[in-house]
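Asker: Handing you this structure, nothing more for now.
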Amino acid sequence: MGSDGGSLVSLGLVPAGPVSFLDGVPLVDHHCHSVMADDLDRPGFEALLTEGAGPAPGLSAFDSRLGFSVRRWCSPVLGLPPHAPAEDYVARRAELGAGTVSRAMLRAAGSGVLLVDHGFAAGGLLGLDALSEVAGLPVGEVVRLEAVAEEVADAGVDAAGFGEAVAAEVARRTDATRRPLPVACKTVLAYRAGLDVDPRRPEPAAVATAAADWLPRRARDREPLRDPVLLRHGLWAGLDTGLPLQLHTGFGDPDEDLHRADPALLAGLARLVDPLGVPLMLLHTYPYHRQAAWLAQVFSCVYVDVSLAVPYVGSRAPEVIAEVLELAPFGKVLYASDAYGLPELHLLGALRFRAALGGLLEHACATDEISPADAERVATMIARDNALRIYPRIPA
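The sequence shown maps to residues 233 to 628 in the numbering used here.
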């Protein structure tokens with residue numbers, strides 16, 4: 233593990249609310265992305281403050297809970313007063329430069345290790361080695377299965393050999409000798425076909441038939457992989473590695489149909505995976521986090537986070553986290569930021585999580601629902617120890 237976590241209290245970065253149980257605990261961010269390598273103008277910055285393509289004409293993405301959180305909690309890191317106007321914030325960011333801003337935000341977040349999905353729109357992002365240097369932290373790679381399958385297709389393979397080629401490449405990309413160290417696989421099935429697909433492993437003949445249909449379109453038009461049979465084949469190739477399998481669920485960008493990203497639709501897959509002992513890591517989950525919590529309670533293989541929601545909902549984060557903890561066993565809940573592009577999202581995810589979970593546990597102690605010793609143990613479980621237990625290859 234890298235950073236000792238520092239003290240968000242001493243940095244003046246803690247929102248109102250007690251955080252004594254988590255101050256100084258280095259977080260394991262079990263799912264995030266890299267940050268932009270180059271400077272951003274205001275439109276470029278605002279485009280990364282929303283899951284949409286950008287704010288509607290005439291509006292600003294700063295006029296949101298996330299935007300106000302940036303102005304309040306990130307401004308001091310750049311030497312600005314809290315609540316600095318948006319134009320001052322963007323100007324100061326440009327003055328300091330992307331590298332300085334990223335270094336300051338990532339190191340203020342107090343993480344100990346980053347598990348990074350670098351398989352999505354990575355062209356403008358820092359590479360994993362560069363991200364590790366800027367953050368001052370070890371980085372593990374989350375292998376995105378759909379990106380691997382598309383790379384196999386682009387390298388040239390016939391339909392009959394596609395299934396075996398994908399499985400072999402997934403195995404190669406997750407080999408423990410590779411660096412950065414592969415720590416998990418991830419599927420974006422929710423985006424590409426929806427979670428309401430047949431969860432069973434497809435037969436090789438069905439994979440070959442589906443590949444014969446898709447490969448010519450991929451070669452001609454660069455069509456993304458959306459065929460449910462091929463997506464399921466990649467998912468099972470990931471499960472065959474034995475590494476934790478991360479699944480996008482809940483809200484995201486306009487490519488998904490939200491109702492088909494409800495994690496409750498994964499009950500059939502969980503029934504198949506439970507006997508295998510491979511962890512299913514349900515990412516984001518909001519606004520279906522209560523369904524995800526149920527899955528985590530009833531299936532031994534299922535784990536959850538509310539990563540992406542926490543910085544977006546701002547001061548409402550305690551309510552969201554409390555709703556997950558209604559049903560999810562404390563040993564099944566993890567921390568993640570799902571930060572993409574903006575280092576501010578790494579910082580906001582961390583400080584909102586610390587304040588929300590710390591405040592919830594302080595309240596539970598005050599009402600004698602939990603002892604201080606147990607509260608400290610639960611806080612550390614969710615922030616760090618659950619991930620250390622579940623992921624067999626956390627880089628040191």
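We put the beta carbon where it would ideally sit given N, CA and C, even for glycine.
(1) Compute the Euclidean distance between the alpha carbons of V385 and W446, then round it to the nearest angstrom.
(2) Taking three-plus beta-carbon pairs below 8 Å as touching, is the region 483 to 499 in contact with the region 265 to 284?
(3) According to DSSP, is E435 helix, strand or coil?
(4) Thinking C-alpha only, which one of A502, Y423 and G331 is nearest D489?
(5) Along the chain, which unbroken stretches of the alpha helix (DSSP H) at least 4 residues long are found entirely within the region 287 to 347?
(6) According to the neighbour-count rule (16 or more other Cβ atoms, all chains shown, within 10 Å of its Cβ), is L291 buried or exposed?
(7) Rounding to the nearest angstrom, what Cα-Cα distance links L498 and V542 in this structure?
(8) Tell me which residues share the same chain as A269 and place their Cβ nearer than 8 Å to its Cβ, disregarding the 5 neighbours each side in the sequence.
(9) Tell me whether R404 is buried or exposed, calling it buried when 16 or more other Cβ atoms sit within 10 Å of its Cβ.
(10) Do you know how far the Cα of Q529 is from the Cα of E558?
(11) If we call anything under 8 Å between Cβ atoms a contact, is L515 one with V534?
(12) Can you tell me which of the three DSSP states G249 falls into?
(13) Using only the alpha-carbon positions, how far apart do E383 and P314 sit?
(14) Can you tell me the Cα-Cα spacing of G581 and A440, whole angstroms?
(15) State buried or exposed for P624, treating a residue as buried only when at least 16 other CB atoms are found within 10 Å of its CB.
(16) Anyone know if the C-beta pair for V380 and V398 falls short of 8 Å?
(17) Excluding the 5 residues preceding and the 5 following Q523 in the sequence, name in chain order all residues of the same chain whose CB lies nearer than 8 Å to its CB.
Answerer: The structure says:
(1) Note on residue identity: the sequence assigns Ala, not Val, to residue 385. One C-alpha to the other measures close to 9 Å.
(2) yes
(3) Coil, per DSSP.
(4) Y423
(5) 297 to 301, 318 to 328 and 330 to 340
(6) When all chains shown are included, L291 counts as exposed.
(7) 23 Å
(8) Same-chain partners within the cutoff: A330, G356, L357, L358 and A362.
(9) exposed
(10) Each residue's Cα considered, the two are about 10 Å apart.
(11) No, they are not a contact pair.
(12) Its pLDDT being 46, under 50, G249 is placed unreliably in this model, and the value from its coordinates should be taken loosely. In the structure shown, G249 sits in coil (DSSP, three-state: anything other than H, G, I, E or B).
(13) 45 Å
(14) 42 Å
(15) exposed
(16) yes
(17) D494, P495, A496 and T517
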